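To keep things clear, I will list the structure first and then write my remarks on it.
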Amino acid sequence: MNKIKIHIRNNHWKEGFLPCDEEGEKNNTITKQEFEKGLSQYPEIKDKIEYLTDWDDDNFKSSMKSADVLLGWQFPTDNLKDIAPNLKWIHVISAGVNHLSPFNWMKEDLVLTNSSGVHAKKAGEFGLMSILMLQNHMTRLITHQKNKEFVSLMGKPIEGRTVVAVGTGSLGGSMIKHISKLGANVIGVNRKGKTVEGCSKVITFDKIDEVLPIADFLYLAVPETEETKGLINKERLDKLKKTCGIV
1194 MNKIKIHIRN
1204 NHWKEGFLPC
1214 DEEGEKNNTI
1224 TKQEFEKGLS
1234 QYPEIKDKIE
1244 YLTDWDDDNF
1254 KSSMKSADVL
1264 LGWQFPTDNL
1274 KDIAPNLKWI
1284 HVISAGVNHL
1294 SPFNWMKEDL
1304 VLTNSSGVHA
1314 KKAGEFGLMS
1324 ILMLQNHMTR
1334 LITHQKNKEF
1344 VSLMGKPIEG
1354 RTVVAVGTGS
1364 LGGSMIKHIS
1374 KLGANVIGVN
1384 RKGKTVEGCS
1394 KVITFDKIDE
1404 VLPIADFLYL
1414 AVPETEETKG
1424 LINKERLDKL
1434 KKTCGIV
């Protein structure tokens, strides 16, 4: 029986790229132990899988000659059609795949999937933290501390403040659930105006100008696509309050 061959490509950290530091490298590395742990959850296919965990370009070309599946984040796309004739599926460990565009390197029958939602918990915590830091003047307090200046800055509770959340998918939706529980008024913005838990109101992208002037915080959680590039431009930034915080 022919086994399904999977090439697992990890990336060493490099300044200016992702991962950009040692911690990022550690968090984004798929080890043999982790892959085996995941594979053990599917005993019906475990014996049908053959895999190689690799780093950067070490064994990329030689392994891709027979690989059916590529698992990773960043990889060379030049001549991929030629060096990987059997490749049928690429799974990216991030939610976004814009770093691989344009997609003219893909064969017609090649499937590309992403890890949508995998970072939702962390993104929700990060979004909540960032907005609360701005609400409570933490950036100014940190600056004062560095300058050995001790200035008392009082912040109000987040309750009643208006957060305009552009992008209400798994990442934006996670933050919305957190901050709405603290009493913030959340206005969601998405493609179809679809109802979102925690939002008092949801509008479509084309109506965003109506809510920007009332935003105390503007939270952006949309992928970089042709539709979202330039969505928040100078003209729209000028519509915000001077005190509006942006995350």
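Residues in the sequence shown are numbered consecutively from 1194, following the numbering used here. Ideal Cβ positions, reconstructed from N, Cα and C, are used throughout, including at glycine. Predicted, not measured: the structure shown is a model, and the values here were computed from it.
According to DSSP, is residue i helix, strand or coil?
{"i": "K1349", "result": "coil"}
{"i": "E1403", "result": "helix"}
{"i": "L1264", "result": "strand"}
{"i": "E1243", "result": "strand"}
{"i": "N1220", "result": "helix"}
{"i": "L1280", "result": "coil"}
{"i": "D1433", "result": "Checking the sequence shown, residue 1433 turns out to be Leu, not Asp. Reduced to three states, the DSSP call for L1433 is coil."}
{"i": "G1381", "result": "strand"}
{"i": "H1462", "result": "Absent from the structure is residue 1462, since the part of the chain shown begins at 1194 and ends at 1440."}
{"i": "R1354", "result": "coil"}
{"i": "K1207", "result": "coil"}
{"i": "T1388", "result": "coil"}
{"i": "G1360", "result": "coil"}
For residue i and residue j, what's the separation of their Cα atoms in angstroms?
{"i": "I1401", "j": "L1424", "result": "9 Å"}
{"i": "I1283", "j": "D1275", "result": "15 Å"}
{"i": "L1264", "j": "W1248", "result": "12 Å"}
{"i": "L1303", "j": "H1312", "result": "25 Å"}
{"i": "S1308", "j": "S1287", "result": "5 Å"}
{"i": "K1254", "j": "G1360", "result": "38 Å"}
{"i": "K1387", "j": "I1396", "result": "8 Å"}
{"i": "M1331", "j": "F1398", "result": "31 Å"}
{"i": "F1319", "j": "N1297", "result": "34 Å"}
{"i": "T1270", "j": "P1406", "result": "43 Å"}
{"i": "H1371", "j": "E1215", "result": "30 Å"}
{"i": "T1243", "j": "N1203", "result": "The sequence given here has Glu at residue 1243, not Thr. Approximately 17 Å, taken between the alpha carbons."}
{"i": "C1392", "j": "D1240", "result": "47 Å"}
{"i": "E1417", "j": "G1289", "result": "8 Å"}
{"i": "E1428", "j": "T1436", "result": "16 Å"}
{"i": "G1381", "j": "D1251", "result": "45 Å"}
{"i": "N1279", "j": "T1421", "result": "34 Å"}
{"i": "T1224", "j": "K1339", "result": "39 Å"}
{"i": "G1362", "j": "K1258", "result": "37 Å"}
On the criterion of 16 or more Cβ atoms from any shown chain inside 10 Å, does residue i qualify as buried, or is it exposed?
{"i": "I1369", "result": "buried"}
{"i": "Y1235", "result": "exposed"}
{"i": "V1344", "result": "exposed"}
{"i": "H1205", "result": "exposed"}
{"i": "H1292", "result": "exposed"}
{"i": "R1333", "result": "exposed"}
{"i": "L1411", "result": "buried"}
{"i": "L1364", "result": "buried"}
Is residue i close to chain B? Criterion is C-beta to C-beta, closer than 8 Å.
{"i": "T1397", "result": "The structure shown contains no chain B, having only a single protein chain."}
How many whole angstroms separate the CB atoms of residue i and residue j, which I take to be in contact at a CB cut-off of 8 Å?
{"i": "G1348", "j": "N1378", "result": "G1348 to N1378, Cβ: 17 Å. No contact."}
{"i": "F1228", "j": "I1197", "result": "Not really, about 13 Å apart at Cβ, beyond 8 Å."}
{"i": "C1408", "j": "L1433", "result": "Residue 1408 is actually Ala in this sequence, not Cys. Indeed, because the Cβ distance is near 6 Å, the residues count as touching under 8 Å."}
{"i": "S1323", "j": "V1404", "result": "No, S1323 and V1404 are not in contact; Cβ-Cβ is about 20 Å, not under 8 Å."}
{"i": "S1256", "j": "L1273", "result": "Actually they are not in contact, since the Cβ atoms of S1256 and L1273 sit about 13 Å apart, beyond 8 Å."}
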